[in-house]
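Chains as they are written, first to last, in my numbering: chain G, 1 to 168; chain S, 169 to 336.
Notes follow the structure.
2 protein chains.
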Amino acid sequence: MELTAAKQKFIEAWGKLGSEWGINRTMAQVHALLLVSPEALTTEEIMKDLSISRGNANMTLRDLIGWGLVEKQHKAGERKEYFYADKDTWNIARQVAKERRKRELDPVLKILDELSNVQGDVKDPEFKTFNKTVTDINKLAKNVDKTLDTMLKAEESWFWGSIFKMFK
Amino acid sequence: MELTAAKQKFIEAWGKLGSEWGINRTMAQVHALLLVSPEALTTEEIMKDLSISRGNANMTLRDLIGWGLVEKQHKAGERKEYFYADKDTWNIARQVAKERRKRELDPVLKILDELSNVQGDVKDPEFKTFNKTVTDINKLAKNVDKTLDTMLKAEESWFWGSIFKMFK
DNA sequence: TTAAACTTTCAATAATTACTGAAAGTTTAA
DNA sequence: TTAAACTTTCAGTAATTATTGAAAGTTTAA
């Protein structure tokens with residue numbers, strides 16, 4: 001396969017995976033494009049490569065910066081802004097985990113805690129089932145939360161080393 | 169808080185979390201409703217509780233069965249079908265992990281393997297960056313795949329026990 | 001058989017989400 | 001200052017995704 005075709009395929013696959021996981025397809029594609037670009041790119045280049053509008057490129061890049069996945073760069077003597085993506089896969093995974101935890105897991109944990117404390121008649125099957133489901137999910141979510149916390153603090157090798165110990 | 173209000177809040181929160189993770193909001197809500205229902209429910213009851221149409225209820229329930237999260241039940245002497253959700257949180261987590269792996273991770277792993285094998289000029293920075301990014305992501309994805317495999321085979325206590333060892 | 005009770009399908013429509021492009025805003029160099 | 005070079009905003013529109021509801025299909029009991 002051609003390098004150009006291979007890049008294209010990577011960008012498409014990444015976009016599809018992103019959209020299946022609730023991440024805007026274009027955002028995932030812009031990220032993918034930057035991940036396979038050795039040099040930082042300008043808005044113009046991104047617009048052209050992915051055939052997207054200036055407005056879309058601008059907002060998407062802003063979002064990616066907000067996710068901590070992309071940074072602005074300036075080149076000496078130039079007005080234009082350049083965009084560069086960290087290529088360290090472990091950093092990317094941690095950054096995504098960190099943001100999704102903050103944006104999505106934390107709010108739901110708060111609600112689960114609240115719902116776990118709802119009082120009711122333990123003889124009532126409606127209450128019993130509600131209470132069991134909510135407290136069980138709350139426990140699971142807290143486990144996930146703790147595991148993410150460990151992952152965020154960890155070095156890659158240590159983290160996967162620990163995971164691998166599970167197999168032995 | 170009222171039990172009824174609490175259920176409502178749980179259904180909404182679950183629907184929101186689902187939609188943020190690429191799962192149809194209604195599907196997540198129907199699942200949530202069944203999770204807090206001690207008895208199996210009919211299509212009619214689900215339609216009424218969530219104010220959704222018959223067609224939507226029917227297709228959503230079919231999807232949930234396809235995900236292995238809900239099962240049909242029949243009551244003796246009755247024509248109607250009843251729907252029941254497994255309430256074991258660990259089973260639910262494993263089932264979701266299993267399906268998403270099959271539907272989303274496996275296809276992307278296949279593409280990453282293919283792209284990892286693309287040949288090129290190691291002196292070309294374009295190729296070098298592409299190759300590094302793709303092979304690194306491929307490695308990470310394979311680690312996730314293996315971890316999921318372990319999780320799918322594991323008992324809950326064993327799995328979380330192993331995770332907790334990471335903290336010590 | 002048949003008709004009532006129930007389930008499934010899917011074309012039409014609604015709701016949501018994403019994108020465009022032009023205008024407004026900002027920065028820089030002369 | 002000013003005007004060129006660049007970035008940001010956002011109302012309007014397009015694309016995608018989800019839902020409805022009525023018709024078609026199926027099952028069961030008499």
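Glycine included, C-beta positions come from ideal geometry on N, C-alpha and C.
- Across the set Pro38(G), Glu39(G), Met59(G), the C-alpha of Met59(G) shows the shortest separation from the C-alpha of Met47(G).
- According to the DSSP assignment, Val108(G) belongs to the alpha helix (DSSP H) that extends over 106 to 116.
- For Phe251(S), the enclosing beta strand (DSSP E) stretches over residues 249 to 253.
- Comparing alpha-carbon positions, the option among Asp292(S), Asp281(S), Glu324(S), Asp289(S) lying closest to Ala13(G) turns out to be Asp281(S).
- Per DSSP, Val238(S) is not a residue of any alpha helix (DSSP H); the beta strand (DSSP E) it occupies stretches across 238 to 242.
- Per the DSSP secondary-structure output, Leu41(G) pairs in a beta bridge with Phe83(G).
- DSSP places Gln8(G) inside the alpha helix (DSSP H), whose first and last residues are 3 to 20.
- At the C-beta level, Thr150(G) and Met334(S) come within 8 Å of one another.
- Contact between the region 16 to 34 of chain G and the region 51 to 68 of chain G is established, with three or more Cβ pairs separated by less than 8 Å.
- In the three-state reduction of the DSSP assignment, Ala322(S) falls in the coil class, being assigned neither a helical nor a strand state.
- Per DSSP, reduced to three states, the secondary structure at Glu246(S) is coil, with no helix or strand assignment.
- When the Cα atoms are used, Trp189(S) and Gly77(G) turn out to be separated by approximately 43 Å.
- Secondary structure of Gln287(S) (DSSP, three-state): coil.
- Of the residues Asn143(G), Leu152(G), Arg100(G), Phe159(G), the one whose Cα lies closest to the Cα of Trp328(S) is Asn143(G).
- Nearest CB-CB separation between Asp313(S) and chain G: not below the 8 Å threshold.
- The beta carbons of Phe295(S) and Val134(G) sit no closer together than 8 Å.
- Taken atom to atom, the span from the alpha-carbon of Glu104(G) to that of Lys139(G) is near 16 Å.
- For Asp304(S), the C-beta contacts it makes with chain G under 7 Å involve Thr89, in order along the chain.
- Each residue's CA atom was taken as its position, placing Glu81(G) and Ala6(G) some 27 Å apart.
- The Cβ atoms of Thr43(G) and Ile331(S) do not sit closer than 8 Å to each other.
- The Cβ of Ile331(S) sits closer than 8 Å to at least one Cβ of chain G.
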